[in-house]
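Going by this note's numbering, the first residue of the sequence shown is number 25, and it counts up by one from there. We put the CB at the ideal spot given by N, CA and C, even for glycine.
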Amino acid sequence: MRVLSGIQPSGKLHIGNFFGAMRQHLELQAKHESFYFIADYHALTSNPNPADVPRNVLDVTMDYMALGLDTEKTVFWCQSDVPEVVELAWLLSCITPMGLLQRCTSYKDKIAQGLSANHGLFAYPVLQAADILIFNSNLVPVGADQKQHIEVTRDIAGYFNNTYGETFVLPDEHIIESVAVVPGVDGRKMSKSYGNAIEIFEPQSSVKKKVMRIVTDSTPVEEPKDPDKCNVFALLKLVASLEELAQWDKKYRDGGMGYGEAKKRLVELLIEYFEPYRQKRAELENNLDAVKQVLENGAKRAKAVASETLAKARKAVGLDYRSCK
Ligand code: ADP
Ligand code: TRP
Numbered sequence: 025m026r027v028l029s030g031i032q033p034s035g036k037l038h039i040g041n042f043f044g045a046m047r048q049h050l051e052l053q054a055k056h057e058s059f060y061f062i063a064d065y066h067a068l069t070s071n072p073n074p075a076d077v078p079r080n081v082l083d084v085t086m087d088y089m090a091l092g093l094d095t096e097k098t099v100f101w102c103q104s105d106v107p108e109v110v111e112l113a114w115l116l117s118c119i120t121p122m123g124l125l126q127r128c129t130s131y132k133d134k135i136a137q138g139l140s141a142n143h144g145l146f147a148y149p150v151l152q153a154a155d156i157l158i159f160n161s162n163l164v165p166v167g168a169d170q171k172q173h174i175e176v177t178r179d180i181a182g183y184f185n186n187t188y189g190e191t192f193v194l195p196d197e198h199i200i201e202s203v204a205v206v207p208g209v210d211g212r213k214m215s216k217s218y219g220n221a222i223e224i225f226e227p228q229s230s231v232k233k234k235v236m237r238i239v240t241d242s243t244p245v246e247e248p249k250d251p252d253k254c255n256v257f258a259l260l261k262l263v264a265s266l267e268e269l270a271q272w273d274k275k276y277r278d279g280g281m282g283y284g285e286a287k288k289r290l291v292e293l294l295i296e297y298f299e300p301y302r303q304k305r306a307e308l309e310n311n312l313d314a315v316k317q318v319l320e321n322g323a324k325r326a327k328a329v330a331s332e333t334l335a336k337a338r339k340a341v342g343l344d345y346r347s348c349k
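Structure follows, in structure tokens:
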């Protein structure tokens, strides 16, 4: 069973990324052959400042390494080190109906948010399909927002196999279910692009400031409160033990507790949760060569698999004049 997933290098990862995706990636690596990559080609669809891209790639790598990436076992690389996927994306593009891409909601959402409607953004799911298919991936753990892209991948693989003969393995979608959307300090989905994120390795003083700013309602201290509607409680759920959570649940419902009290405990728990990894993260900052080496090694291993699948696909579509007798 091969597991594959990609994460865009949009800067230092936040706790929404961790509980929503990364934690599961790290857990799966013990049980399965895992392939994880930094989707820098995909990130170009939102036209980042070129000066920021290299640092963002290394930040994501260091975050993964600090939190327990098994660099021996797991293949971890930077997408653009294996450009074979771009060639495969072209082969796939040529059998992908326009209508399939026009129905993709993430494209429509991004346009609605004001991103420019460039061709890369439109073709994004085809490149994602190439990422998945080129590595013969069986399981693709992603958040619910990516479900449609996996369905599109299966559709594209099906068209290709029907047209040119069995070439690709169809992946199963594997939606990460355990965690609902993690809210940011303003109550919207925590996201780098909303400026409401708490980074995993944010300095402790800044974690504190951000938690204290989390938006809550104005229920007075003495009145009962609904934990299920509270952003602070939603974050406590991620880091508190079940016993402690039950106590907070009761405190909320009984009344007599201010949100400040819950926030103070949340700061402690967040700091405690990531504390064991902080030192490793700081050490990596001082050893960027070792970090780059992990990506180099990963790229080599990934390339070996990718070039084999690409050769098969090239042959299937007839890019193969040498075989002509
Ligand atoms: P961002 O919105 O900060 O740019 P990405 O879209 O790059 O984050 O998400 C990377 C991964 O993290 C995806 O698998 C996504 O489902 C997950 N993720 C991102 N934000 C959250 C969140 N607030 N709650 C849960 N999962 C999240
Ligand atoms: N689109 C994914 C995201 O924004 C990142 C991604 C790119 C990906 N290629 C992938 C995820 C292949 C899984 C498989 O989160």
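- Beta-bridge analysis with DSSP links Phe61 to Gly30 and Trp101.
- Within the segment 236–277, the alpha helix (DSSP H) runs of at least 4 residues that lie entirely inside it are, in chain order, 255–263.
- Of the candidates Trp101, Ser117, Ala270 and Lys304, Trp101 places its Cα closest to the Cα of Lys324.
- Out of Leu37, Leu151, Leu308 and Glu51, the CA that lies nearest to the CA of Tyr65 is found in Leu151.
- With respect to Val206, Gly30 sits apart: the two C-beta atoms are not nearer than 8 Å.
- The Cβ neighbour count for Lys249, taken over all protein chains shown within 10 Å, is at least 16; the residue is labelled buried.
- Contact check between the segment 265–285 and the segment 216–223: fewer than three CB pairs, one atom from each, fall below 8 Å, which does not count as touching.
- Distances between the C-beta of Asp169 and the heavy atoms of the ligand ADP include at least one below 7 Å.
- One thing to note: Glu108 has its Cβ within 8 Å of the Cβ of Leu334.
- DSSP assignment within the segment 272–328 yields no whole beta strand (DSSP E) run of 3 residues or more.
- In its chain, beyond the 5 residues on either side, Ile31, Pro33, Leu37 and Ile62 have a beta carbon closer than 7 Å to the beta carbon of Val84.
- In the three-state reduction of the DSSP assignment, Val166 falls in the strand class, which pools E and B.
- Annotation: Tyr88 to Met46 spans about 8 Å, alpha carbon to alpha carbon.
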